[in-house]
Amino acid sequence: MIINKLEELSGRLEGELHWDPLHTSMYATDASVYRMQPLGVAYPRNTSDLQYLIAFASEHGVGLIPRTAGTSLAGQCVGPGLVIDVSKHFTKILELDIEKRQVRVEPGVVRDELNAFLKPHGLFFGPNTSTSNRCMIGGMAGNNSSGTTSIRYGVTRDKVLQMKVLLADGSQIEAGPLSRDEFLQKTEGSGTESSIYKKVYKELLNSDIQDAIRAEFPLPEIHRRNTGYAIDALLETAVFSENKTPFNLAKLLCGSEGTLAFTTELTLQLDPLPPPEAAMVITHYHTLEDCLSDVLPAMEHPLFLCEMMDKTILDCTKNNRAQSRNRFFVEGDPAALLMLELRAGTEKELAGAIQKLQKTIKQSGRAYAAPVLYGSQIGQAIELRKAGLGLLGNMVGDRKAVACIEDTAVALRDLKDFIGEFTQIMAEYGQEAVYYAHAGAGELHLRPILNLKKKADVHLFREITTRVARLTKKYRGSFSGEHGDGIVRAEFIPLMIGEENYQLLRRIKSYFDPKGIFNPGKIVDAFPMDASLRYVPDRLEPVINTLLDFSDSQGILRAAEKCNGSGDCRKSHHMGGAMCPSFQATRNEKDTTRARANVLREMLTDPQKGFDRPELKEVFDLCLSCKACASECPSNVDIAGLKAEFSYQYQEANGYSLRNRLFAHNTAINAFNSKFAALLNPILNGKLSGSPLKNILGVSKKRSIPVARRFDFGKFLEQQKTGSPGQKTPVALFIDEFTRYLDIQQGKDAIYLLEKLGYDVQLFLADSGRSFISKGFLKQARKLAHKNAPALYTLSRDGIPLLGLEPSAVLTFRDEYKRFGLSDEISEAIAKNCFLIEEFLASEIEKGKLSANRFTSQQKEVKIHNHCYQKALSNQKVTFDVLNLPQNYKVSIIASGCCGMAGSFGYEKEHYEVSMQVGGLKLFPAVRKADEKVLIAANGTSCRHQIADGTGRRALHPVSILREALLD
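First residue of the sequence shown? That's 52 in the working numbering, and the numbers climb one at a time after it.
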């Protein structure tokens, strides 16, 4: 019956409504420990759609769960009703008033993207969460988010001036600042809005109620307080006190988690950009107690940021490919450290502020190190800190740092004592908690490490949360500082503010939402905090056999479970990094790393479902296997590996298509075609013959097809040999399957370059198996791995480095070969001995073995686009360093993300448009903007092809550019 009603509703909406298993699986979780399968998922396009949804919910008793980026840690974005995702269409910046320093936005505007828009005007939106590159203003208002900058710029509630919202009857109102007289006028009408004002006025006018609020709510000096509804803030206005502050219903709506109304617009108060000169003093401590003891004296200085990270968080960063590079400032093995940022208008003023802070730290005598960071170093340190919460999900196994008591805030004077008592509680439970804090604001993100797959730990989950709630109440702290009540803390609101005040919250909820349609189960009449978890406690763990070895994650299911929902994969192309290119092109949740991991987890958890599911085929369809998630995801969720296993399992059950067979076996096909290159080129790319052939193969007609050729690399190498081999450093050059038949010139250039530079080159001609892996032909890939391993291991044993030209091929030896059943000794030895040719040459430059005098002094400009695998498994700087060897070369790296080709993906006709959209986000515009004289460097064969098809420009391998610059 309800399905018929949903179909009827869908026909009325201009946006989309889905209730299929794929979408309900994707939206069953957020970044919390909870899982609730929604009835459906809506992507409303306008206010009219929202009004239809509200009317439907009211008529059928269905809850509406508002959602933007879905990064909630407390379960705000899950529920059994309709999830309303406004992140796709409600994304406009509507109006900027520079004079008033105000901006009007829709709820789906990303915080960092808003600030990028505001920066040229000298303004910014202050509240700054760790998820700022993908979190949205609507979600920040719902949670009353604050972040690292709150000690200077306040919380979201402080910055929201006005909100346009829809009430439970579908009527639209504007909640903004009102004088006492304006407020009283609001109470005199007959509509829903007037009724709300009238009832709120009657409640809060009662002196006994006022006394109860002031006595029980968190201390007013704690600016991070978000327990229940902010009725305490309403008391401090002209309507209920001598205070001249205008009454503003938006202050109540902020932090209400979408339980009172549905937000469609917000007007924000902005601040001038922070002073330009900045420094960060990072104090290191041997004990947590010493660290906490320095917070109060440090806060006597005009800090812009005061953050704490403990050893657990810091240790997590060691094994994260992206964040390990940001650890450069860590000295020794600190138990904890403080990040103290100072800013000033001039360098002289900044130097004075640093000196004063250093004097305070030195006088305390607790810190054993206090390095000072400047410029981009500060950004790296902040990035490390921001990744902290997500990195906790990288713990291998079922024990995880669980969000439940991670949002406590107390008065700064109570911080040390509070932590002392908290530590005692944790010790009673045998817990080594994770300490991760906005220390300057008195808020600590304290997380016990629990296995919520076990009933015993679920019991501890409740017991520990209850104990800490009582401790927080003892200090009149806030149990929900910035992450909100959601499901995990809403049960404890009566304890935190008293039963009388809690009943007042229930009445206020009823005035706004008499039928309880807005995000039910949150704040009042809460869902149980220890039910509806991601995992059924004490379940029989599914046994899933895979061809690839996922033992490093304790199996493929746990590899998928590593995703904690933090949503780093939702950042757009305007932000840094490459993850996730398909989402950046489509802006669909379905095309995120998170969605793929979540749907795989959902299907594999049910043994009746497994791999043979159309939902998995759809969710993996647009994955480009770029591996950005393997390094940029804080939890290192490697979707490329998961997709390869899925593709294998699905095709084993359903058969392998002709097109997939052709792409997978392209090395053998290229070997055959190379004999007939002159004949095949006009056939494959001719107007008359090419289109029908491409159509039969399922290749886009708009693609050019590379033609394989033959070349004797061994003979060419012999021709380049000079001098005695004994005087030269031996290296092995990997002539991979792409170089051997499609990119012959770069192979020749590499041989020539290495020999001229004084290396004794030997060749390793082999197929890496990359095409087999990409198309899910894992048996064939495993066979190749075991065939290549002996020769690769021999090179390693003999100390002869293997240098590769094509990143996707040589880095397969470093990455996927570890999953093909080779011994740990062999796979590790191979991995450590396989290098991009740029990696090797960069190390030689660093050792002083290569110098600029071997190369031209002519001036040239080079722009680099590096392969995704290099970004994920190596680093881009090596290519930059190598191409900077000629002394007058001006080299820059294009901040390009993925090119969009991704091997065969961009050839496939159903993927062509997305492929070109991905390329068009950053890469194509940068290449087109470059002068014709600028050299475009790209080390990936797919990248060069994509650049040619997308811009008409010819890109060269860095080796070819370097060979051209070599003085013979």
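All C-beta atoms in this analysis are idealised placements derived from N, C-alpha and C, irrespective of residue type, glycine included.
By Cβ distance, which residues of its chain are closer than 7 angstroms to Ser947, with the 5 residues on each side in sequence left out? His916, Lys973, Leu974, Ala977
Rounded to the nearest angstrom, what separates Cys994 and Met967 at their Cα positions? 12 angstroms
So, using beta-carbon positions, are Glu696 and Met630 closer together than 8 angstroms? no
Here's the rule: buried if 16 or more other CB atoms are within 10 angstroms of the residue's CB, otherwise exposed. What is Asp576? exposed
Residue range of the alpha helix (DSSP H) that Lys914 falls in? It is not in any alpha helix (DSSP H) - Lys914 instead sits in the beta strand (DSSP E) that spans 911-916.
Are Pro228 and Leu217 closer than 8 angstroms when you measure CB to CB? no
Starting from the C-beta of Pro325, find all residues in its chain whose C-beta is less than 7 angstroms away, skip the five residues before and the five after it, and write them out in chain order. Phe355, Arg394
Helix or strand or just coil, what does DSSP make of Ala611? helix
Asp918 and Ser859 closer than 8 angstroms at C-beta: Sequence inspection shows His at residue 918; the Asp mentioned does not correspond to that position. Going by C-beta atoms, His918 is nearer than 8 angstroms to Ser859.
Supposed contact pair Leu304 and Ala226 - C-beta distance, whole angstroms, cut 8 angstroms: 6 angstroms
Secondary structure of Met630, DSSP reduced to three states: coil
Which residues DSSP lists as bridging Leu229, in chain order: Phe298
C-alpha gap between Phe723 and Gly991, whole angstroms: 23 angstroms
Taking the alpha-carbon positions, what's the Lys838 to Ala704 distance? 27 angstroms
Considering Pro117, what are the terminal residues of the beta strand (DSSP E) in which it resides? 115-118
Out of Asp458, Gly491, Ile247, state which residue places its alpha-carbon closest to the alpha-carbon of Asp345. Gly491
Could you please give the first and the last residue of the uninterrupted beta strand (DSSP E) stretch that includes Ala125? Careful: Ala125 lies outside any beta strand (DSSP E) and carries neither H nor E.
How many angstroms separate the CA atom of Cys186 from the CA atom of Ser617? 10 angstroms
Note the first and the last residue of the continuous beta strand (DSSP E) segment covering Cys919. Cys919 -> not in any beta strand (DSSP E); alpha helix (DSSP H) instead, spanning 919-924.
Rounded C-beta distance between Val461 and Tyr526? I'm assuming under 8 angstroms. 5 angstroms
Using only alpha-carbon positions, find the residue among Lys834, Phe767, Ala840, Glu897 that is nearest to Leu804. Phe767
Beta-carbon spacing of Lys210, Gly177 below 8 angstroms: yes
State the Cα-Cα distance for the pair Arg833 and Gln475, rounded to the nearest angstrom. 52 angstroms
By Cβ distance, which residues of its chain are closer than 8 angstroms to Leu713, with the 5 residues on each side in sequence left out? Ile720, Leu748
C-beta contact flag for Phe578 and Ile538 at 8 angstroms: yes
Cutoff 6 angstroms; reference Arg754; Cβ partners in own chain excluding five residues on either side: Tyr958
Look up Arg394 in the DSSP assignment and give the residues it is bridged to. Ala329
Cβ-based burial, Gln635 [other Cβ within 10 Å; buried from 16]: buried
Along the alpha helix (DSSP H) that carries Met360, what are the first and last residues, could you check? Note, Met360: premise wrong, no alpha helix (DSSP H); beta strand (DSSP E) at 356-361.
DSSP three-state call for His1008: helix, strand or coil? coil
Mind pulling the beta strand (DSSP E) runs of 3 or more residues that sit fully within the stretch 177-249? 211-217, 223-226
Buried or exposed: Lys253, going by 16 or more other Cβ atoms within 10 Å of its Cβ? exposed
Return the CA-CA distance between Ile786 and Lys922, expressed in angstroms with no decimal places. 21 angstroms
Where do the ends of the alpha helix (DSSP H) carrying Val969 lie? 963-972
In this structure, how does DSSP classify Cys949 when only helix, strand and coil are distinguished? coil
Could you tell me the distance, in whole angstroms, from the CA atom of Ala387 to the CA atom of His337? 7 angstroms
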